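> Taking the numbering used here, the leading residue of the sequence shown gets 663, the next gets one more, and so forth. Just so it is clear, CB atoms sit at the ideal spot from N, CA and C, and this is done for glycine as well. Here the structure is a predicted model, which is why all the values come from computation and not from measurement. My structure is below; once you've seen it, I'll send some questions.
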Amino acid sequence: MIRVAIVDDDSADVQRLQDYLDQYRRESGEAMELTVFTDGDEIAEGYRPRFDLILMDVEMRFMDGMTAARKIREVDPEVVIIFITNMPQYAIQGYSVDALDYVLKPVSYFAFSQRLDRAITRMKRRAARYLTVPVKGGARKLEASQIYYVESRDHDLTFHTAVGSFNATLTMRETERSLADLPFFRGNNSYLINLEHVEGIQDGCAVVRGEALKLSRPRKNAFMEALSDYMGGVLK
663 MIRVAIVDDD
673 SADVQRLQDY
683 LDQYRRESGE
693 AMELTVFTDG
703 DEIAEGYRPR
713 FDLILMDVEM
723 RFMDGMTAAR
733 KIREVDPEVV
743 IIFITNMPQY
753 AIQGYSVDAL
763 DYVLKPVSYF
773 AFSQRLDRAI
783 TRMKRRAARY
793 LTVPVKGGAR
803 KLEASQIYYV
813 ESRDHDLTFH
823 TAVGSFNATL
833 TMRETERSLA
843 DLPFFRGNNS
853 YLINLEHVEG
863 IQDGCAVVRG
873 EALKLSRPRK
883 NAFMEALSDY
893 MGGVLK
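This is the structure:
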């Protein structure tokens with residue numbers, strides 16, 4: 663599911679983009695969830711990383727698209743932003759907020775679909791490396807390589823990461839499924855360990871960033887094999 667936000671104060675332009683997205687969904691088979699905002703301040707104030715793609719008008723009444731994009735980038739460096747504008751000079755400014763592209767008004771379906779193809783390619787490439795984690799009061803987007811290990815204790819899930827530790831409203835099974843294609847492996851019922859950060863094995867424990875995480879007897883051999891395969895692949 664691709665979560666798309668349209669930010670535009672012109673109802674006719676919004677309707678055109680909605681029609682184009684519907685056509686694109688029919689042609690590509692991509693599932694999309696659409697949210698509409700009528701000004702930059704509506705999306706930027708209190709923004710939380712929950713969108714994959716933002717289609718942003720540049721000129722709006724209360725908060726222009728560039729200002730809104732800068733505020734969004736403060737909390738979400740990964741969301742794909744495409745500017746919709748009738749002034750091509752804004753394309754250069756778009757680089758300052760890492761905009762993927764811009765589309766000139768009046769928007770044609772051909773130009774729009776090309777930009778959408780490019781955006782979805784970038785999203786899918788990034789999706790393999792990032793995990794969006796629901797936390798109290800919002801969500802956090804984590805780069806998988808920054809996760810040291812995930813701990814389950816008393817029905818709570820704690821992510822221990824390079825940017826700190828925090829609780830998440832996820833189950834271990836959901837987390838393990840989300841990270842299935844990445845080098846994570848269960849050390850026991852309580853720990854899902856990123857093999858990238860294992861510094862060694864000592865006294866039946868995996869040492870991760872100086873912490874000793876107990877390996878259960880049933881999982882120890884499988885964990886050692888997974889670690890050996892990972893290290894062999896890294897060293898090739």
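For P880, is the classification buried or exposed, using 16 other Cβ atoms within 10 angstroms of its Cβ as the cut-off for buried?
The residue given as residue 880 occupies position 218 in the sequence shown. By the neighbour-count rule (16 or more Cβ atoms within 10 Å), P880 is not buried but exposed.
> Just the Cα atoms here: how many angstroms apart are K803 and V737?
Sequence index remark: in the sequence shown, residue 803 carries index 141 (1-based). Sequence index remark: in the sequence shown, residue 737 carries index 75 (1-based). Approximately 9 Å between the Cα atoms of the pair.
> Please say whether V676 and D670 have beta carbons closer to each other than 7 Å?
Here the question's residue 670 lines up with position 8 in the sequence shown. Here the question's residue 676 lines up with position 14 in the sequence shown. Their beta carbons are under 7 Å apart, which means D670 touches V676 by this criterion.
> Starting from the Cα of L793, find the closest Cα among N829, T837, E721 and give me that residue.
Locating residue 793 in the sequence shown gives position 131, counting from the first residue. Nearest option by C-alpha distance: T837.
> Apart from the five residues just before and just after P845, which ones in its own chain have a Cβ nearer than 6 Å to its Cβ?
Counting from one through the sequence shown, the residue named residue 845 turns up at place 183. These residues qualify, in order along the chain: L857, E858, Y892.
> Classify M901 as helix, strand or coil using the three-state DSSP reduction.
There is no way to answer for residue 901, as the model of the chain reaches only from 663 to 898.
> Tell me the start and end of each unbroken beta strand (DSSP E) in the segment 821-854 that is at least 3 residues and wholly inside, in chain order.
Runs found: 826-830, 846-850.
> Give a yes or no on contact between the segment 871-879 and the segment 839-853, applying the rule of three or more CB pairs nearer than 8 Å.
Yes, the segment 871-879 is in contact with the segment 839-853.
> A761 lies in the beta strand (DSSP E); which residues open and close that run?
By one-based count along the sequence shown, residue 761 stands at place 99. Careful: A761 lies outside any beta strand (DSSP E) and carries neither H nor E.
> Taking the straight line between their C-alpha atoms, what separation do you get for V720 and D726?
Counted from its first residue, the sequence shown places residue 720 at position 58. Counted from its first residue, the sequence shown places residue 726 at position 64. When rounded, the distance between both Cα atoms is 6 Å.
> Just to confirm my understanding: we take K798, look at its own chain, exclude 5 residues before and 5 after, and list those with CB closer than 8 Å. What are they?
As a working note, residue 798 is residue 136 in the sequence shown. Closer than 8 Å at Cβ, skipping near neighbours: N829, T831.
> By Cβ distance, which residues of its chain are closer than 6 Å to V812, with the 5 residues on each side in sequence left out?
Within the sequence shown, residue 812 is the residue found at index 150, counting from 1. For V812, where only same-chain residues beyond five positions count, the Cβ hits under 6 Å are F821, T837, L854.
> Quick one: give me the first and last residue of the alpha helix (DSSP H) that V676 is part of.
Looking up residue 676 in the sequence shown gives position 14. Where V676 is concerned, the enclosing alpha helix (DSSP H) stretches over 673-690.
> In the DSSP assignment, what residue or residues form a beta bridge with G800?
As a first step, residue 800 must be located in the sequence shown, where it is residue number 138. For G800, which the question treats as bridged, DSSP gives the partners V797.
> Around the C-beta of R678, are 16 or more other C-beta atoms found within 10 angstroms, so that it is buried, or is it exposed?
Counted from its first residue, the sequence shown places residue 678 at position 16. The residue in question, R678, is buried, as its Cβ has 16 or more Cβ neighbours within 10 Å.
> Got a sec, what are the start and stop residues for the alpha helix (DSSP H) T729 sits in?
Counting from 1 along the sequence shown, the entry for residue 729 is found at position 67. Its alpha helix (DSSP H) spans residues 727-735.
> Relative to the C-alpha of D779, which candidate in N883, A674, I668, S690 has its C-alpha closest?
As a working mapping, residue 779 is identified with position 117 in the sequence shown. Per the Cα distances, S690.
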